[in-house]
Amino acid sequence: MASVIEGEKKVFMTGNEVAAWAALAAGADIMFGYPITPQNEVMHYWTRLAPRYGRKFLQTEDEISAGFTTCGGLQAGCKAFTATAGPGNVLMQEPYGMAEAMRLPLLAIIQQRGGPSSGTVVYSQQEVTLTTYGGNGEGHRIVYSTASHQEIYDYVIKGFNVAWKYRFPTFVMGDGYQAKMRESMVMYDPAARGIELVPANPIIGLSGEIGVDRECVHLCNIYSLEEELYEVLQKMEADYQKMTPEVVEYDARFCEDAEIIVVSHGVVSRAGQDAVKILRAQGFPAGYFRPITLRPFPQEALRKAVENCKKVLVVESALNQLQRLVKENLYDVALEVDALAKPAVGIIADEIVARYKEFRK
Amino acid sequence: MSTSAEGVLSVEVPRGAFHLFTNLCKGCGLCKEKCPKDCLIWSECLGSFGTPAVIPDDPQNCIACGICQQVCPDCAILIERKRVK
Amino acid sequence: MGGKVVRIALAGEGGQGVQSIAEIITEAAFNEGKEALYCPNFGLEQRGGVSIAFVQIGDSRIGAPKFKTGDIFIALSLRAIKRCRQYIGPETTLVYDSSIVGAEAEVPPNAARVMAIPAIQRSKEELHPRVFNIVIMGAVIGATGVVTMEQAREALEAKLGGKFKQNPDLRELNYRALEMGRDLIGKSGE
Amino acid sequence: MSAAQPVIQPKMPKSWYKSNKPHLFCPGCGHGMVLKALGEAIDELGIQSKAVFGCDIGCSLLAWNFLDVDSTQTHHGRTTPVMVGIKRSRPELITIAYMGDGGGYAIGSQHTVNAAIRNEKITVILVNNTNYGMTGGQMAPTTLPGQITETTPFGRDPEETGYPTRGPEMVAAIASEGAYVARGTVANFRQLKGFIKKALENQIAGRGFSFVEALSVCPTNWRTNARDTWAFLEDKMTQYFPVGEFKVPQVKEE
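So the sequence lines, in the order shown, correspond to chains A, B, C and D. Sequential numbering of the first sequence, starting at -14, is according to our numbering. Sequential numbering of the second sequence, starting at 212, is according to our numbering. Sequential numbering of the third sequence, starting at 361, is according to our numbering. Sequential numbering of the fourth sequence, starting at 9, is according to our numbering.
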């Protein structure tokens, strides 16, 4: 496969365009998708770029189909992916479940929009619970929450690799802002940076003659006995726990001597970081913590970060989604948790600064 | 009629042989209804579900047409035909 | 954080070209080596309603994609002023077209500076009504100095080069529109 | 019987997976016959090693390890998109989507319709037994007017629940040139096998969507003995669901 990006290239584009380029650079073979704002341009750019590199696309009849065709493509050994948002993300929970159950290396780019229901087509961080724990299972998924176009590029490439290495469905979760806004970032050829792309391989439609060279493959996705499924789930959980330290990512700053730590993720963490810098400049001992993987959650890192602090301020464009994760992961730590929760609305640094000062009283 | 160790009921008929694999026969009776000579009956032998397996009532009535084999959902019947000279 | 970030909000009716202006300005800033972030408001108003563009230009990484109040707010219609007054604060320079009837009554009292410029009238009389949005772009550059006129011209070339090739007169027309906008604000971006 | 005589073996298709027979379907279930027709068609076309078989949820899920063919279990109604995904990714594979009437005409009807419209080069084999067998015999899209099921205890009333879905007729109406559409019945094995074989050949030739509905029987949920089972299929079902080919590609003579 010829490299898509020669060397390094600084560009100014939308996050959706970045996502399409990243999928190309990551060696994605085929995209299955269904229109939904604010994800549409991932498909728009992909359909324009893919033929140049011999990659494929299918627009399906709905998101259920887009998810399941992706599952089929993955079983056949192609780096298949999809992108969706909001109500589409809801419909895709069903195929994600299949990917979870059958350990298919599904990669989905999620651009969160306002909910519930059709909500807005604009922006939110309300798909955290859905993306991390949606579906009738235990949330054996990997969810990256990106904060910039650079990260969309980096984590889409990383996401494909992690998915194919560990075989858990992987999500690169942005939002409407990241989808539609333009900012600068550097595209690169992963190989030139020493990033080796994990090869794809089929689990069905194998080569060789059945009965001569090989046995047939029967992929099972439904079990007769509760014990059978239990065993499968035990193995899944064990694999997930084993993988966690290798995959989990976070960013922590100024936490050692912080009295209040601002916890935020995704695009909001940009404001979180700015707020902490402003507070520090004003002499307030504020700390900054950002989970990059929301699943698996950087529990150990967060617990370590809050060791010396008194309070945690969770900031999110949702009511109680990151907060729930934070509380769950700090369940036995004596800490006061407050939130600046603005569902479906953007958050700026000044608001966090103000809330911090209020919370401090 | 003979019964092999493998649970195969075999009946020589004028045009060949009727074989029934008792481990496969579930006793549904679909074959019985489709027999053009109406010659299949429930035998003394039990099939895989503990229900009686089928057998031709009189070997002379079986014409080895193979319809029972064709309609069996479980491939429990095999009709061997003698070569016509 | 680092250096000062200039925050620009543009609002107008769908089709007035506020998104194109934002796109060209940020593209120009990017080409100049600055950090730029352009975030369109792509709400349901995308078709037939008020369209808003949020632009931030600075020397280092830009934080949140949106902001509370802009350094400069350009409104191209009465509805745009009404709907977007929340983005006008004590540090905001509000620029609107002087042809907007009833604008004065809607201007929030807290704006730092208010400028009504005859962009529609002048572009119609002296240039062409179609380049009205480029006049506005010139005004934004004049008011903020976020990019040089040279970069603005290059970004225009990148965006409209195809059209310029077909009709070279268009290039001159757009350049003049850019300068007209800058002069209407009365400040040079060069 | 002399010792030298070879042990007589049942005549199963080569592409049947032998070690799990007898299979899991109920006594008299039509799935065995449809899968026998499919197995023989696979054998005759020599595609055992490049076929991918996908089964739906419902009784058809019991076919997940029925064939000695690479197979995958999907979700209810979602076999068509999974097979489309495989085919689009690896066009050299022969993909067979196997489902019941509920999967193809109710919960997954949008996939049937849109795969047909897009002329996806997959083969769909849909088994019509006029009810939801796995869940205990509820009304299916194909339940006949007046037919008693667990959810139509007084007989299906078309005024309330509409008329049975005529799948091949619908698919033939919406599929484009190159599609192959037929309805067979387990009561006519040879014909059914012929239809399935043609459907697979159509995919191999890359002409378009191929769809075979197989009229089948469900003695367990119909609560019928063998005689009434055949009678319901041959007398009642075929009245409403005519057997035959509905769309055959025009193959140009070379």
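Where is the CB? At the ideal position from N, CA and C, for every residue including glycine.
Straight through space, the alpha carbons of Ala68(A) and Asp47(A) are spaced by roughly 12 Å. Measuring C-alpha to C-alpha distances from Lys248(B) to each of Ser213(B), Glu291(B), Cys279(B), Gly218(B) identifies Cys279(B) as the nearest. Those residues of the segment 242 to 274 of chain B placed with their C-beta closer than 9 Å to a C-beta in chain D are Cys242, Lys243, Glu244, Lys245, Gly258, Ser259, Phe260, Thr262, ordered along the chain.
Taking a cut-off of 8 Å for Cβ pairs, the segment 95 to 107 of chain D and the segment 82 to 93 of chain A do not touch, as fewer than three such pairs fall below it. Taking the CA atoms as reference points, Ile207(A) sits about 46 Å from Lys296(A). For Thr80(D), DSSP records a beta bridge to Leu204(A), Gly62(D). Distance from Tyr30(A) to Tyr108(A) at the Cβ level is roughly 20 Å; contact not present, criterion being Cβ atoms closer than 8 Å. In this structure, the straight-line span from the alpha carbon of Phe344(A) to that of Glu395(C) is close to 33 Å. In the three-state reduction of the DSSP assignment, Asn127(D) falls in the coil class.
In the DSSP assignment, the residues bridged to Phe229(B) are Val222(B), Ile290(B). For Leu397(C), the residues of chain A that pass the 9 Å Cβ criterion are Met166, Arg167, Glu168, Ser169, in the order they occur in the chain.
Taking a contact as a CB-CB distance under 8 Å, the pair Glu48(D) and Pro21(D) counts as one, their CB atoms being some 5 Å apart. According to the DSSP assignment, Trp253(B) belongs to the beta strand (DSSP E) that extends over 251 to 257. Counting C-beta pairs with one atom in each stretch, the segment 531 to 538 of chain C and the segment 486 to 494 of chain C have three or more that are closer than 8 Å, which means they touch. A direct Cα-to-Cα measurement between Pro89(D) and Thr120(D) gives close to 9 Å. Interface annotation for the segment 491 to 519 of chain C against chain A: empty, criterion Cβ-Cβ distance under 8 Å. Three or more beta-carbon pairs separated by less than 8 Å link the segment 375 to 388 of chain C to the segment 497 to 508 of chain C, which places the two stretches in contact.
Partner residues in the beta bridge of Pro263(B), as assigned by DSSP, are Leu257(B). Straight-line spacing of the CA atoms in Ile65(D) and His83(D) works out to 6 Å. Nearest in C-alpha terms to Ile545(C), of all of Gly449(C), Lys519(C), Ala424(C), Leu454(C), is Leu454(C). Among the residues of chain A, those whose CB is under 8 Å from the CB of Tyr25(D) are Cys201, His203, following chain order. Nearest C-alpha to Thr116(A) among Glu85(A), Ser169(A), Val27(A), Asn146(A): Glu85(A). If the five residues before and after Gly73(A) are omitted, its C-beta is found closer than 7 Å to the C-beta atoms of Tyr19, Ile21, Glu48, all from its own chain and listed in chain order. With respect to the 8 Å criterion, Thr193(D) and Ala222(D) are classified as neighbours on the basis of their beta carbons. With its beta carbon less than 8 Å from one in chain B, Pro227(D) belongs to the interface. The continuous stretches of beta strand (DSSP E) do not include Gly144(D), and DSSP gives it neither H nor E. Under the 8 Å criterion on CB atoms, Asn233(D) is classed as interfacial with respect to chain B. In the pairwise beta carbon analysis, the segment 328 to 339 of chain A is classified as not touching the segment 309 to 320 of chain A: fewer than three pairs are separated by under 8 Å. In this structure, the alpha-carbon of Thr138(D) lies about 33 Å from that of Ser57(D). Within chain D, no residue has its beta carbon less than 7 Å from that of Cys279(B); the closest one is some 12 Å off. When C-alpha distances from Pro270(B) are compared across Ala228(B), Ala216(B), Ser215(B), the shortest belongs to Ala228(B).
Taken in chain order, the whole beta strand (DSSP E) runs of length 3 or more contained in the segment 22 to 108 of chain A are 41 to 44, 65 to 69, 92 to 97.
Under a criterion of Cβ atoms nearer than 9 Å, the residues of chain C adjacent to Arg255(A) are, in order, Arg421, Ile422, Gly423, Ala424, Pro425. Restricted to the segment 469 to 519 of chain C, the alpha helix (DSSP H) segments that are unbroken, complete and at least 4 residues in length are 479 to 486, 492 to 504, listed in chain order. Here the C-alpha atom of Asn233(D) lies approximately 41 Å from the C-alpha atom of Thr54(A).
Not a single C-beta of chain A is nearer than 8 Å to the C-beta of Gly186(D).
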